[in-house]
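A.B. asks: According to our numbering, the stretch in the sequence shown is residues 556 to 1145, in order. Don't be surprised by glycine CBs; every beta carbon is placed ideally from N, CA and C. Only a predicted model underlies this, so the values are computations on that prediction, with no experimental measurement involved. Right, I'll just put the structure down here and ask away after.
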Amino acid sequence: MRKVPRGARLLMVSAALITASAVAGQSMSGGAGMASASTETEDGIPVTDAMTREKCGTCHTADAKGNLSRISWIRTTPEGWDQAIKRMVRLNGAQVSPEEARHIIHYLGSAHGLAPEEARPVAYVPEKRMIDETNIPSESVRGSCAACHAFGQPLSWRRSSHEWKLLQDFHVALYSQADSQYRRAAIDEPGEVFGQTKPVVNKPGSIPLTQGEVALAYLRKVAPLHTPEWTAWSAREQTPHLAGKWLVSASLPGRGQFFGTMEVAPGSSGEIFGTRTTLQSLAGGPAITTSGNGVVYGGYAWRGRAATGVGGKPAADSFDQPMREVMLFSADRKTATGRWFWGEYQEFGYDVTLTRADGAPVIGGISGGGILAGARGQTLTIFGDAFPAGLTARDIDLGKGLMVSKIVSASPSQLVLSVDAAPGVTSGVHDVTVGTAVLSAALPVYHHIAYIKVMPETSLARLGGAAHPAGFGQFEAYGYDAGPDGKPYTADDVKVGVVDADYSLEEFRATWFDDDIDFVGKISKAGFFTPNLDGPNPARSGNRDNYGNVWVVATAKTAHDSTGKPLIGKAYLVVTIPSFKRIDQPEVEQ
556 MRKVPRGARL LMVSAALITA SAVAGQSMSG GAGMASASTE TEDGIPVTDA
606 MTREKCGTCH TADAKGNLSR ISWIRTTPEG WDQAIKRMVR LNGAQVSPEE
656 ARHIIHYLGS AHGLAPEEAR PVAYVPEKRM IDETNIPSES VRGSCAACHA
706 FGQPLSWRRS SHEWKLLQDF HVALYSQADS QYRRAAIDEP GEVFGQTKPV
756 VNKPGSIPLT QGEVALAYLR KVAPLHTPEW TAWSAREQTP HLAGKWLVSA
806 SLPGRGQFFG TMEVAPGSSG EIFGTRTTLQ SLAGGPAITT SGNGVVYGGY
856 AWRGRAATGV GGKPAADSFD QPMREVMLFS ADRKTATGRW FWGEYQEFGY
906 DVTLTRADGA PVIGGISGGG ILAGARGQTL TIFGDAFPAG LTARDIDLGK
956 GLMVSKIVSA SPSQLVLSVD AAPGVTSGVH DVTVGTAVLS AALPVYHHIA
1006 YIKVMPETSL ARLGGAAHPA GFGQFEAYGY DAGPDGKPYT ADDVKVGVVD
1056 ADYSLEEFRA TWFDDDIDFV GKISKAGFFT PNLDGPNPAR SGNRDNYGNV
1106 WVVATAKTAH DSTGKPLIGK AYLVVTIPSF KRIDQPEVEQ
């Protein structure tokens, strides 16, 4: 049985942000702790937008350089500024209309935002991904920053040294538990800050180093106001020229692969766009067509929404849902990656890659499943745009050990190939080349499925249906080749693709006579988890709710181990109570 991540790490980011939303933007608050520009020793970022200066300048004082107190020493994501403005309205009586708020969010999210290199590591926060955070450097930092909200929350901000201290002071003033957490003796130090990794040794009679001091030092080090990345991006940022045709390659857990196109049309300004998207499932069925809009922050960060226009109330996991779109475009605006999601807890969503179709041959994606070593006549489909007429097998290169024996069909947007793989081809991920078009590290080549991994490995579902909405779960199993070294669970393992499997639940033994599996809910053979009703439940001992911990077990249908037994993978699922307080941030997409 593999090691289970700590329950405290299981974070539905969208839920974790609920607590964080009360904290985000605290550096914007008036009252106790309000600092003036004169208390800062670092250079600020001048606020140049007239409306922002008018609406925010009534409380935030200006200096001769154009700085506004507090605001000029902070940078964050559009969602961070959205939280800040909402808090100013709720707690400080800021007078701002929805239209004015959207304008201010767009200005601050761009001119006082993050560089692309700063935004990518924390993209899981606006993408509403459920993850087990592995970016927390020490237990002291965890205790200070990640006991109440996702660690991605503070890492989504950049502040001056003074502002990071004011942030901690604000936490202490507003949240009683924060004072207790910060004052606890540190049990370690993040080596990146202190240049060492040895345990803290507090001398007898000395004042011990606290968790709060360790966290403050760490954040000042890794998330300062001024960074080389921000300096470089601020100098080269441009209006995003995104209008045109884009190829869409998407995967939806439990539903497989989708390919299609997104037509992006100019909107009312250079940062606003209209969209029309068509997706086709490789599993068949009618195409999915949506229309919507998107807003771009900082020249690269897309926030959008789209809908199919189908009325009624579809099933929770149905495609016919209004979707939210969060994507980050590459600096050359040739590609974008992100997530399109929906659901009461944003638990459903496509993983999406966009590739610009500008008239030149381009590859947008390939069919999944990989290429098996030693097998002949394997089908591979390549999706793209502007493939030239008259292609031959010589024009297509799949790397050493793979040969295109036949082009089964060809069109400007799709190639169907028959591929032979040499028995001795090395396991790995190959580039795909069609003429002058290249899709790097796209094609898995494998010898044997050594093990399967259920994704997500750690997950959170929420009870609901009686008085509160439920939070569902969708699981799928991926097969892995052991790689060139032949050893499973090492760095050279090859992720091959989704493995057909049956799903079931198994008790996670946390206590004697554990009975969670009888109450938490049900999982379908296809890996769709439906939680039980929110309680309490009189049929359960102690009149408890239907919460609990279980294993999600995938049993492969065709992949076997060396003894002929089906491969089995497990994921850890926590089923918890509804989230009684949630926020939404529609302004960032309008």
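#1: Helix, strand or coil, according to DSSP, for G799 in the structure here?
#2: Quick one: what does DSSP say N690 is sitting in, helix, strand or coil?
#3: Applying the criterion that 16 or more other CB atoms from any shown protein chain within 10 Å of the CB defines a buried residue, is V568 buried or exposed?
#4: Nearest by alpha-carbon distance to S1014: which of W1067, K1125 and S873 is it?
#5: Relative to the C-alpha of G920, which candidate in G929, G954, K961 and V987 has its C-alpha closest?
#6: Can you grab the Cα-Cα spacing for the pair S1079 / A930, in whole Å?
#7: In or out: V1143 buried (at least 16 other Cβ within 10 Å) or exposed?
#8: In terms of residue numbering, what span does the beta strand (DSSP E) encompassing L1015 cover?
#9: Reducing DSSP to helix, strand and coil, say where S982 ends up.
#10: Which residues in the same chain have their Cβ closer than 8 Å to the Cβ of H1003, if we skip the five residues on either side of it in sequence?
#11: How many Å lie between G990 and P967 at the Cα?
#12: What does DSSP give as the partner residue(s) for I918 in the beta ladder?
#13: Within its chain, find whatever has a CB closer than 6 Å to the CB of G925; leave out the 5 residues flanking it on each side and keep chain order.
#14: Can you tell me the Cβ-Cβ gap for I962 and L972, rounded? I've got them flagged as a contact below 8 Å.
#15: Where R684 and L1128 are concerned, what is the direct C-alpha to C-alpha distance, given to the nearest angstrom?
#16: Check whether the Cβ atoms of Q708 and R739 lie closer than 7 Å to each other.
#17: Assuming P808 and Q969 make a contact with CB atoms under 8 Å, what is their CB distance in whole Å?
#18: Are D940 and V907 closer than 7 Å when you measure CB to CB?
#19: Can you give the beta carbon distance from W719 to L771, rounded, assuming they're within the 8 Å contact cut?
#20: Measure from the alpha carbon of G648 to the alpha carbon of each residue in C614, F884, R831 and G979, then state which is nearest.
#21: Which residue's Cα is closest to the Cα of T947: S960, I937 and L935?
#22: When you compare the CB positions of G698 and Q732, do they come within less than 7 Å of one another, or not?
#23: Which residues in the same chain have their Cβ closer than 6 Å to the Cβ of W788, if we skip the five residues on either side of it in sequence?
#24: Can you name the start and end residues of the alpha helix (DSSP H) that E1020 belongs to?
#25: When you compare only the Cα positions, how much space is there between S665 and M882?
#26: So if DSSP puts R911 in a beta bridge, which residue, or which two residues, is it bridged to?
#27: Check each candidate in T934, R657 and V1075 and name the one with the smallest Cα separation from D637.
#28: With DSSP as the reference, label S695 as helix, strand or coil.
#29: When burial is assigned at 16 or more other CB atoms within 10 Å of the CB, is K641 buried or exposed?
#30: Looking only at its chain, what residues have a beta carbon closer than 8 Å to the beta carbon of P869, apart from the 5 residues adjacent to it on each side?
#31: Assuming L785 contacts E673 (C-beta within less than 8 Å), just tell me the rounded distance between them.
#32: According to DSSP, is T607 helix, strand or coil?
#33: Alpha carbon to alpha carbon, what distance is there between T910 and D734?
#34: Are at least three pairs of beta-carbons, each pair with one atom in the region 1112 to 1125 and one in the region 883 to 890, less than 8 Å apart?
#35: Rounded to a whole number of angstroms, what is the C-alpha to C-alpha distance between L710 and S716?
#36: I need the DSSP call for Y1127, collapsed to helix, strand or coil.
C.D. replies: Once the coordinates are examined:
#1: As a first step, residue 799 must be located in the sequence shown, where it is residue number 244. G799 carries a strand assignment under DSSP once its states are collapsed to helix, strand and coil.
#2: Translated into the one-based positions of the sequence shown, residue 690 becomes position 135. Coil, per DSSP.
#3: Mapped onto the sequence shown, residue 568 falls at position 13. Note on V568: pLDDT 40, under 50, position unreliable in the model; no value is reported.
#4: Position 459 of the sequence shown, counting from 1, holds the residue named residue 1014. Checking every option, the nearest Cα to that of S1014 belongs to K1125.
#5: To locate residue 920, count along the sequence shown from 1; it is residue 365. Selected option, being the one with the closest Cα: V987.
#6: Taking the first residue of the sequence shown as position 1, residue 1079 is located at position 524. Taking the first residue of the sequence shown as position 1, residue 930 is located at position 375. Here the C-alpha atom of S1079 lies approximately 33 Å from the C-alpha atom of A930.
#7: The residue given as residue 1143 occupies position 588 in the sequence shown. Around the CB of V1143, 16 or more other CB atoms lie within 10 Å, so the residue is classed as buried.
#8: Counting from one through the sequence shown, the residue named residue 1015 turns up at place 460. Run containing L1015: T1013 to R1017, per the beta strand (DSSP E) assignment.
#9: For this step, residue 982 is matched to residue 427 along the sequence shown. In this structure, S982 counts as coil in the three-state DSSP scheme.
#10: The count along the sequence shown starts at 1 and reaches residue 1003 at position 448. Same-chain partners within the cutoff: D1036 and A1037.
#11: Position 435 of the sequence shown, counting from 1, holds the residue named residue 990. Position 412 of the sequence shown, counting from 1, holds the residue named residue 967. Between G990 and P967, the alpha-carbon positions lie close to 13 Å from each other.
#12: Here residue 918 refers to the residue found at position 363 of the sequence shown. BP columns for I918 point to G939.
#13: Within the sequence shown, the letter at position 370 stands for residue 925. Cβ within range, chain order: P999, Y1001, V1051 and G1052.
#14: Within the sequence shown, residue 962 is the residue found at index 407, counting from 1. Within the sequence shown, residue 972 is the residue found at index 417, counting from 1. Contact flag correct, Cβ pair sits at about 6 Å.
#15: On the sequence shown, position 129 is the one that residue 684 refers to. On the sequence shown, position 573 is the one that residue 1128 refers to. If I take the Cα positions, the gap works out to 15 Å.
#16: Locating residue 708 in the sequence shown gives position 153, where the first residue counts as 1. Locating residue 739 in the sequence shown gives position 184, where the first residue counts as 1. Cβ atoms of Q708 and R739: not closer than 7 Å.
#17: The sequence position of residue 808 within the sequence shown is 253, counting from 1. The sequence position of residue 969 within the sequence shown is 414, counting from 1. That belief does not hold up - the Cβ atoms of P808 and Q969 are roughly 24 Å apart, past 8 Å.
#18: Here the question's residue 940 lines up with position 385 in the sequence shown. Here the question's residue 907 lines up with position 352 in the sequence shown. Taking 7 Å as the Cβ cut-off, D940 and V907 do not qualify as a contacting pair.
#19: Here the question's residue 719 lines up with position 164 in the sequence shown. Here the question's residue 771 lines up with position 216 in the sequence shown. With a Cβ gap of about 6 Å, W719 and L771 count as contacting.
#20: Position 93 of the sequence shown, counted from the start, is the residue given in the question as residue 648. That would be C614, whose Cα lies nearest to the Cα of G648.
#21: Position 392 of the sequence shown, counting from 1, holds the residue named residue 947. Ranking the options by Cα distance to T947, first place goes to S960.
#22: The residue given as residue 698 occupies position 143 in the sequence shown. The residue given as residue 732 occupies position 177 in the sequence shown. For the pair G698 and Q732, the CB atoms are not nearer than the 7 Å cut-off.
#23: In the sequence shown, residue 788 corresponds to position 233, counting from 1. A670, listed in sequence order.
#24: Looking up residue 1020 in the sequence shown gives position 465. One point to set straight first is that residue 1020 is Gly, not Glu, in the sequence displayed. G1020 -> no alpha helix (DSSP H), and no H or E assigned at all.
#25: Numbered from 1 along the sequence shown, position 110 holds the residue referred to as residue 665. Numbered from 1 along the sequence shown, position 327 holds the residue referred to as residue 882. One Cα belongs to S665, the other to M882, and the distance between them is close to 15 Å.
#26: Locating residue 911 in the sequence shown gives position 356, where the first residue counts as 1. Answer by DSSP bridge pairing, in chain order: W801.
#27: Reading the sequence shown from its first residue, position 82 is the one you call residue 637. Answer by Cα proximity: R657.
#28: Start at 1 with the first residue of the sequence shown, and residue 695 comes out as number 140. Residue state, collapsed to three classes: helix.
#29: Translated into positions along the sequence shown, residue 641 becomes position 86. By the neighbour-count definition (other C-beta atoms within 10 Å, threshold 16), K641 is a buried residue.
#30: If you number the sequence shown from 1, residue 869 lands on position 314. Here the set comprises D875 and Q876.
#31: Residue numbering aside, residue 785 sits at position 230 when the sequence shown is read from its first letter. Residue numbering aside, residue 673 sits at position 118 when the sequence shown is read from its first letter. Before going on, a small fix: residue 785 reads as Trp here, not Leu. So it is a contact: roughly 7 Å between Cβ atoms.
#32: Mapped onto the sequence shown, residue 607 falls at position 52. Correct three-state label for T607: helix.
#33: Mapped onto the sequence shown, residue 734 falls at position 179. Mapped onto the sequence shown, residue 910 falls at position 355. Straight-line Cα distance between these residues: approximately 48 Å.
#34: No: the two stretches stay apart, fewer than three of their Cβ pairs being nearer than 8 Å.
#35: Against the sequence shown, residue 710 aligns to sequence position 155. Against the sequence shown, residue 716 aligns to sequence position 161. Rounded to whole angstroms, L710 and S716 show a C-alpha spacing of 14 Å.
#36: Stepping through the sequence shown from its first residue, residue 1127 is reached at position 572. Three-state DSSP puts Y1127 in a strand.
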